[in-house]
Amino acid sequence: MTDSQATPLLSLRNVSIALPKGADRALAVEDVSYDVFRGEILCVVGESGSGKSMAANAVMGLLPKGVYTSGGEAIFDGQDLLQLSEKQHRTLRGLRIGMIFQEPMTALNPLMRVGAQIAEVFEAHGQFNGRERQQKALALLTEVGIPDPDKAIRAYPFQLSGGQRQRVMIAMALALEPELLIADEPTTALDVTTQAQILELIRDLQQRRGMAVMFITHDFGVVAEIANRVCVMRYGQIVELGEAEAVLKHPSHDYTRALIEAIPSDVIPEARGAETDTPLLEVVGLNKVFRSKGGLFKPAREVHALQDVSFSLVKGETIGIVGESGSGKSTLGRCVVRLERPDSGTLSLSGTDFMHLQGEALRRERHRVQMIFQDPYASLNPRHRVGYAIAQGPIANGTSKGQAMAKAKELLALVGLDGTDDRYPHEFSGGQRQRIGIARALAMQPELIVADEAVSALDVSIQAQILELLEELKQKLSLSLLFITHDLRVAAQICDHIVVMQHGRIVEQGPAREVFLAPREAYTRELLDAIPGREHELADA
Amino acid sequence: MLYVRLITMRLLKAVVVLFMIIIFNFVLIQLAPGDPAAILAGEAGATDEEFLRQLRERFGLDQPLYVQLWRYVSGVAMLDFGFSYRQQMPVLDLILARLPATLLLTGTAFVLSLFLGIVAGSLAAARVKKPSGSIIMALALLFYATPLFWVALMSVVLFSVYLDLLPAYGMYTVGAGHTGLALVLDVGKHLILPATTLALFFMAIYTRMTRASMLDASQQDFVKTARAKGLKNSVIQRRHILRNALLPIITLAGLQAGQMVGGAILTETVFAWPGIGRLMFEALQQRDYNLLLGIFFFSAALVILFNIITDLVYGLADPRIKEGS
Amino acid sequence: MSFFARFAQNRGALIGLIILLTIIAMAILAPLLFPESPWRMVQRPFLPPMEVDGFPLGTDTMGRNVAAGLMHGAWVSLLIGLVSTTVALAIGVPLGAIAGYYGGLIDDALMRFTEFFQTIPNFALAIVLVAIMQPSITSIVLAIAIVSWPPVARLVRAEFLSLRNREYVEAARLVGQSNTTIILRQILPNTLSPIIVLASLMVATAILLESALSFLGLGDPNVMSWGYMIGAARTVIRQAWWLSFFPGVAILLTVLALNLVGEGLDDALNPKLARERS
Amino acid sequence: MKTPLALAIAAAALSVSTVHADEPRHGGTIDTIIQPEPPGLVLGMIQNAPTRTVAGNIYEGLLRYTTDLEPMPQLATDWEVSEDGRTWTFHLRDDVSWHDGEPFTAEDVVFSADVFHRELNPSARAVLQHIESIEAVDDYTVEFTLDEPFGPFLISFEAGTFTMIPKHLYEGTDFRDNEHNNHPIGTGPFKFDSWDRGTVIQLVRNDDYYEDDLPYLDGINWHIIPDGASRAVAYENGTVDVLPYGTVENFDIPRLAELDNTCMTEAGHEYFSPFAMLWMNNREGPTADKRFRQAVMHAMDREFARDVLWNGLGNVPLGAFGSNARFQNPDLEPYDHDPERARELLDEMGYDGEEVRLLPLPYGETWTRWAEAVQQNLREVGIEVRTEATDVGGWNQRLGDWDYDLAFTYLFQYGDPALGISRTYLSTNIERGSPWNNVEGYENERVDELFNEAATAFPDEEREALYHEVQEILQEDVPVGWLLELGFPTLYRCDVQDLVTSGVGVNDGFKDTWLDR
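Chains as they are written, first to last, in the working numbering: chain A, 711 to 1251; chain B, 111 to 435; chain C, 27 to 304; chain D, 4 to 520.
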C-alpha cells in the first residue's frame, strides 16, 4: 500500500526539540527523522515522556511556550515548516494540515455552538459566505456520522457525548480537506466501544480521501488496528521504524518487544480454586441512587448508579468488575469499602453486616476492607512522608507509632521500595506511588482489597509490573481482591471471576475464561470485539 | 417559562434574606450607645425631661424592643419604612430622593471600571512579558494600593483647585437653573471626578482579574484547537479566550457591584455627592435608627438585586447553565 | 528549586519584600529613633519638610513631628493589619473547613450565613460596627475581621470541597482516621498556600480599611496611625500637602509591598501556576 | 413709673447698621453655606444652630439685640415694665402680615408663647416657668405677668427662643405633623422657596416686608456641602460669598482670610457667647479632688490652643463668667499655664497615676486636635490620660450617664448668667440623662443660694454683688475647666455689606445685607 518510491508528503529530517531549562532532560525530541506518505497512516507510538507528540506539534507550529526546535527540518510540499513565520504557518493550519486532540471534552470552546466552530475553519481561510459555511458544516457533520446533524449543528459541546465531540473535532479538522491529518491520541479518553467507532471513522475517511494520517498513540492495540507503518519512540528518540505488520510480529528492538509483551494478552489463566466456599463478601440486591439538587437553572436529577447488584466473593479469590464509564463499577467498589452508603440491599463481610455500620462503629471496622486508588498522583498526601502515610492507618487504630513505622518500612520493602520511608511522594514515579498505595492498603491487614482502576493511569510497561506485583502478593498473602477496571485485557490477566456491568446493572458474570471465550450476552461480545488489536492478537495466538 | 419560575424562587429567597437582615440590623443598632431622643434633644441645644418624653413617645421609643421590632417589620412589609427622627421626613421619601444620585454615581463608576478594566486586562494579557503589559499591570497595582479617599482629595486639589477644570463637589451647579441637555451636561461634568475616583480602585481589580482569567483561558485546549484551525491571533483572543475569561469576571463584578455602595460612602463624603452613602453616615452619627435601617435594607436589596442580575447575565453568557439539563 | 529561590524569581516580589522589611524595621526602630511620644508638640506648626534639622518631614497642624508619627504609625498599621487578618482567619478557616468537609445541610447553613454577611456592603458594616463599639484598636480590629472573613470561608470551603474527595483523603477515611484528624492533618495543610496568599492580601486590605475608618474619624484616638494622619491633615491639604502626602505614600507602599509579596508567595507556593503566568 | 426704653435703643441700633457711607442698593442673591443640614426649619420646634441660622430669616421674635445685647425693636415697637418688675407690656406693629397674607396680631404672640413653645420648646419653658400669665390686651398689645422679677426676662425674646408662629396655621393641629412644617410661614424678610435635600435651601425676598425698602437682597441660597475641604473650595471658586462659622475648618481660616476681597468678622455671636469647657467628674476618681482639677487648669496651655487651633480668635477666660457675660468679677486670680505648679498640686494630693478617661467633643477636626493637645499637656505633668473617641450619640450617652472623667463641651451663655451660666453649677440641676445641665456633679449650697438670689434680685447692683461672690467660690473649687471663650469667625467677600447687624447677627443679619457690586 505504501509506495516508498513516491515523494513523501511530509519529511522530518534530524529534528531536535529543546525543552525549557529545569526540565528532566534537555531535548524532548532528538535527531528524529521519518516520512509520511500520501494515503498512509503512520502511527507514532511511545509511552508518556517519549516525546511522541512533540514533533507533530512542531509541524503544526503549536509547540508549548518555552519549547522550541533546535535543529533539523520538516519538509512539507517543498517548504521547511520549522522555518515558517507564525503567519505562514497559519495559512497552512486547517487548510492543508488538520489536527485532532486527545481530550474531546476540553478541545471545543464550551461557549460556541458546534456549527459556528466548524464554520470558523472556513472563515479563517476566507472561504464561502455565512450560509454556505453552515451548509458545509452540516454536510461535514453528516459525513462524520453524528446522529441528527440538524440538531447537532445548533448544539453546544456540553450537549454532546465524548464520542460525538471527537467526531465534531474530526469534522473540523477535515473541513478543508487537508492533505495531512495529525491525530494526537484521539481515542485515549474514550470508552472502548466508542474508541473502536472513532478508529473506524478515521480509517474510513483516510481511505476515502486518500490523505495522510499521522496517528500518535501509546496503545499497541490501536496500532495493530489502524497503522500502515509504525514509528516507536522512547526518550525522544526513534527506536524502531517500519511496516506495521513487521514491527508487530517481529519487533527488532528490545523496547518494542517489551512494550508489545506488556500488553496483557488474552491468554486467560485457569481460575484458581478458592480456599473455602464460605463467601467473604456477599452483595445482594444492592441499589444506589444519586440525587443532584437543582440550582437556579438546573432541575434536580436522579442517577441510578446501582440497580439490584448481586455477587459474592470467596476468600483468596479475585473478582474483576468490568464496564465502560457510567456502568456503576466504581460506585460498586465505593459501596463495598463504604465510601458510599448503598440505599438498599445487603452487603456483608464474613457474615457481619457491613452496610448499616455508622460513625464510630464503622470507623472501627474499616480496616477490614481497603482500597487501592486510580490516580497515583492524588492518592498520596503531598505533605506526608511515605513512611508516615503508610503508618498512619495502624496508628489511627491504636498501634504505637514506633511499631507502625517499623511495619511501614517492612511493607515498603515488600513492594520493592526498600529504605524510602522518609521521602515525600513527589520524589517517586507514578508506578512507585502505586506501590506505596498498595503498601498502605496492606498495612491494615485487610480481609479484602478493592482496586479501583489501579493500573489505568499507568504506562503499559509499568502496568505490567504492578500487575505482576499484585499477582505475587496475592500468592504470598492470599489476598482477596475486587479488581475494578475498564480494560478487559487487564481483567483477563488477573481475575478468576468476571462481573460485567452496564448502566448500573450486572449484565453477565462468571469464571473469567467463560466470560471471555464464550460470552453469553451481546454486550459482553460487543465489549470484547471493541478491544483494539484483538483480531491481530487472536490471529497471533 | 422556566426563567419566570426560577426568578420567582430567587425573589422569595431574597425576601427571607432581607427579613433576616432587618432583624440583624435592628438588633445591631440597638446595641449602639446613645438614645436617639437624647441626641435630638442635644441638637436642639437644650432639654428637659418633658422634651425627651415627648420625643420617645412620638417615635415609639418608649415601647419594649419586641414591640418596636414588630412595628418596624410589619411596617416594612407594607413598604412603610417609618419616619426619620432627625430629618422629619418619611424614610422612604428620603431614600428615594437620594437613591438616584448613588445609582448614577455607582452605575457610572461600575460601567467605567468594568469596561476599562476588561480592556486594560485584555491588553495586558495579550502583551505578557512585554513592557507595555507590565506598565498596565504596575498601574493597576498602584491604583489598587492607593487609598480611595486620598485619590479623591488629591484629584480635587489638582483638577478643581489648581487646574480649575472640573467642579469639586455637588451634583449640579446650584442656581444655574439648567434644564434639558444643559442639565445633563452639567451633571455629567460634576460626575467625572467622583465616578473616576470610585472607578479607579475597581478598575484595578477588573484589570488584574481579566488578565489572570485570560491567561488561564489561553491555557485551555480549545485555544489550541482554534490555532490548529488557522485562526488569527486577534480572533482567538477575542472570540475564544476573552469570551471564556469573562465568565469569572461576571461573578466578581456581581459581588463588587454591591460593594460599590459601601465605597460610595467615602466618595460621596469628599465630593459632597447627595447620595445614600453619605446619608447613611449622617444617619449613623445621629442615631437616626429608622433611616439607618432603611438604608441598610435598600443597600442589601441592591446587593441581592445585583446578585440575581449577575446570575441571569451568567446564564446568558454560559450556555451550559442556560440550556443545561 | 528552593522556596525562596522561586520567590526571588519574581522581581516585583523581591522589591515588595524589601519595602515590607523596611516598614517593619521602621516600626521596630520607632521607639529608638523617636523615643518621645509622637503626640508631643515639639516645634511650630506647619513646618515644611527639610526646613529644620530633626524634622525631615516637617510638622503637622499642632507642631508634632511628622517623621515620628510616620514611624510610630507603621507599627499601628502593621499591627492592625496582622491582628485583624488573624482574627478573620480564625473565624473564616474553621467555618469554611466545616462547611466544605461536611457538605450537605451544614454547608448550606454556613454558606447562607456567609452570604448574609456579604449582602451588607463591607465598608458600611465596618463603619456601623466601629461606631457601635466606639472607636478603639479592639473595635477596629474586630470590625475589620468581621467584614473580611467571608472570602476566607469561601476559599477554604472551595479548597475543602475539592480536596475532601481526593484519594488520599478517602484513603485516610478508609484506614479509620477520625474526621477531626482528617480535617487537621490531611486537608488543612494542603490548603495553606492559598490561605497564606489570601492572608497577605487581606493584611493590605485591612490597612486600607483602617485608614478609611480613621479618615472618617473612626480611628483609635490614642494611637498615631497613618489613616489618622491623613484624616487629620485632610482639612489642611491645601496649606500643607506633605501632611497627607507622606502617610498616603506610606499606606500606598505598604499595601503595594504586601500585594507584591502576596503575588510572590503565590508564585512560590504554586510553582505550576507561576510558570504558566510568566 | 413706666420707662420707655425704646428710643435710646433704636439709636444704638442705628449706630450698628450704618457703618458704611454708601447708600444700600437693591438686588442680587447671596450664596452661603449651611452646615450641617438642618433637620427642619420650624424654629421653636427645632432649635439647633443650623435651623436658627436659616429660619432666623423667615421667622422673627418680638425683639432683636445689639451686639452689646441691648434690646432693639422688631415686631414690638416699644415696651414697658411695671415698678415691681413683674408686669411687662409690649406694643406690636400693626402693619405686619404673615407670608401667606394673614395679619400678625397679639393673638399670635399669646399662642406662640403660651401654647406652642410651652409644648415644644425646652429653652422657652425655662423662662415660661417664671411667667404667671400672658394676655392679649388688644390686637396689638400683649401683657406678660411674672410671679416675681426675673433678671433675664427681657433678653429672652430673640427669634430663636420666642419665635412668632402663625396661630391660624397651627392652632388645634398636631404641631409636629403640621403640613406647614415643610413650607414654613413667618413674618421675616425672606420667604421659604424650596429645599432640595442634601443640596440647597433657597429663600426669596418677602416683597411685602413691613420695613420700608428691606430687605435688599432678592434671595438667599444655603448650599449644603458635607465636606469641609469642599466648602473651602466653594468659597474659593466663587460659588459662595459667605462662610458662616463652623463651615470651614479652623486650620483653613487664615489661608482663606488672606484671599483677595475677603473680610472676616467675629461679631454676631454675642448673644450666644459660646464658652468651651472641660467637664471634670466631681463625683469619683482623681477628678473628685479639687487639687487635681486645679492641676488640670495649670497643666493646660490654653493660649497655645487659642493661637494654634483657633487662629488666635477668642479669649482665654478668667473663670466661670465669660467676658461677654454680665456681672463678670475682674479681680479673680487667673489660672496660668504652669506645669510646675500642676505637678506640685498632684504631689500634694498624692496622685497615684490612676488613669483618667477623656472624651473629646465629636464636632470636627479642631475639637479632636484640641483633645489631643490637652491629652499631651496632661501627660506631660504626669497624668495618665486615655482618650475615648465617641460620636455624637455616644458622647451624649456617656455624659448623660456621667460615664467619663474629663470631657469637652461648649455651652452658650445666652447673655445673662441666670440663663446660661448658673445651669452648670446649681446642684438642683443635677439630673441624669442630659449633657447640658450640671453634668460634673458639683454641689455647693452657698453657690446654689447665691445663684438663685441673683436671678430674681432687683435691680442690677444687687445681682452684681451676688454674682461676684459666687465667682470667687467657683474660682477656688474649679468644678469644670474653663477653656476658651470661642471666637466664631464669619468670612465673606468685602463687597457684602452690613452682614452682621445684631447680637445674633449670624442668624438674622441678611435682613440688612446688600451687595456693593
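Positions of the beta carbon are idealized from the N, C-alpha and C atoms, including for glycine. All values derive from a computational prediction rather than experimental measurement.
A residue is called buried when at least 16 other Cβ atoms come within 10 angstroms of its Cβ; residue 306(D) does not meet this threshold and is exposed. Scanning the region 38–116 of chain D for uninterrupted beta strand (DSSP E) segments of 3 residues or longer gives 66–68, 74–76, 79–84, 90–95, listed from N- to C-terminal end. Within the region 798–825 of chain A, the complete beta strand (DSSP E) segments of 3 residues or longer fall at 807–810, listed in chain order. Restricting attention to 381(B), 247(B), 119(B), 330(B), the CA atom closest to the CA of residue 260(B) is found in 381(B).
From the listed residues 241(D), 416(D), 503(D), the smallest Cα separation to residue 278(D) is found for 416(D). Taking 9 Å as the upper bound on Cβ-Cβ separation, chain C lies near no residue of the region 212–227 of chain B. Residue 783(A) is bridged by DSSP to 723(A). Neighbours of residue 1063(A) across chain C, judged by C-beta separation under 8 Å, do not exist; the nearest C-beta is about 18 Å away. Per DSSP, the beta-bridge partners of residue 753(A) are 925(A), 940(A). In its chain, beyond the 5 residues on either side, 1198, 1226, 1229, 1244 have a beta carbon closer than 8 Å to the beta carbon of residue 1238(A). Think of a sphere of 8 Å around the beta carbon of residue 207(C): the chain A residues whose beta carbon falls inside it are 1106, in chain order.
Rounded to the nearest whole angstrom, the C-alpha separation of residue 266(D) and residue 316(D) is 15 Å. Burial check for residue 180(B): the Cβ neighbour count within 10 Å stays below 16, so the residue is exposed. The bridge partners DSSP lists for residue 998(A) are 1016(A). Using a Cβ-Cβ cut-off of 9 Å, residue 264(C) is close to 267, 271 of chain B, given in chain order.
Residue contact check for residue 491(D) against chain C: no CB pair falls below 8 Å. Pairing residue 968(A) with residue 112(C), the inter-Cα distance amounts to about 57 Å. DSSP places residue 307(B) outside any beta strand (DSSP E); the residue lies instead in the alpha helix (DSSP H), whose first and last residues are 290–328. Contact between the region 212–220 of chain D and the region 242–257 of chain B is absent: fewer than 3 CB-CB pairs across the two stretches fall below 8 Å. A direct Cα-to-Cα measurement between residue 184(B) and residue 279(C) gives close to 50 Å. Taking C-beta atoms as the reference points, residue 148(C) and residue 366(B) fail to come closer than 8 Å. At a beta-carbon threshold of 8 Å, none of the residues of chain C lie near residue 253(B); the nearest stands roughly 10 Å away. Here residue 175(D) is exposed, its C-beta having fewer than 16 other C-beta atoms within 10 Å. Within chain D, the C-beta atoms nearer than 7 Å to that of residue 157(C) come from 394, in chain order. Close to residue 197(C), with beta-carbon spacing below 9 Å, lies no residue of chain D; the smallest spacing is near 55 Å.
Within its own chain, the residues whose Cβ lies closer than 7 Å to the Cβ of residue 198(D), once the five positions on either side in sequence are excluded, are 204, listed in chain order. Contact fails between the region 56–76 of chain D and the region 122–136 of chain D, because fewer than three Cβ pairs, one in each stretch, are under 8 Å apart.
In this structure, residue 45(C) and residue 197(C) do not form a Cβ contact; the two beta carbons are roughly 44 Å apart against a cut-off of 8 Å. Assignment of residue 189(D) by DSSP, reduced to helix, strand and coil, places it in the coil class. With the criterion set as a beta carbon lying under 8 Å from some beta carbon of chain B, the members of the region 807–820 of chain A are 808, 809, 811, 813, 816, 817, 818, 819, 820, in sequence order. CA-to-CA, the gap between residue 760(A) and residue 134(C) works out to about 47 Å.
In the displayed model, residue 890(A) falls within a strand according to three-state DSSP. The Cβ neighbour count for residue 901(A), taken over all protein chains shown within 10 Å, is at least 16; the residue is labelled buried. Shown in chain order are the members of the region 265–279 of chain C whose Cβ falls below 7 Å from a Cβ of chain B: 270, 274, 277, 278. Contact of residue 368(B) with chain C by beta-carbon distance below 7 Å involves 147. Straight-line spacing of the CA atoms in residue 124(D) and residue 266(B) works out to 42 Å.
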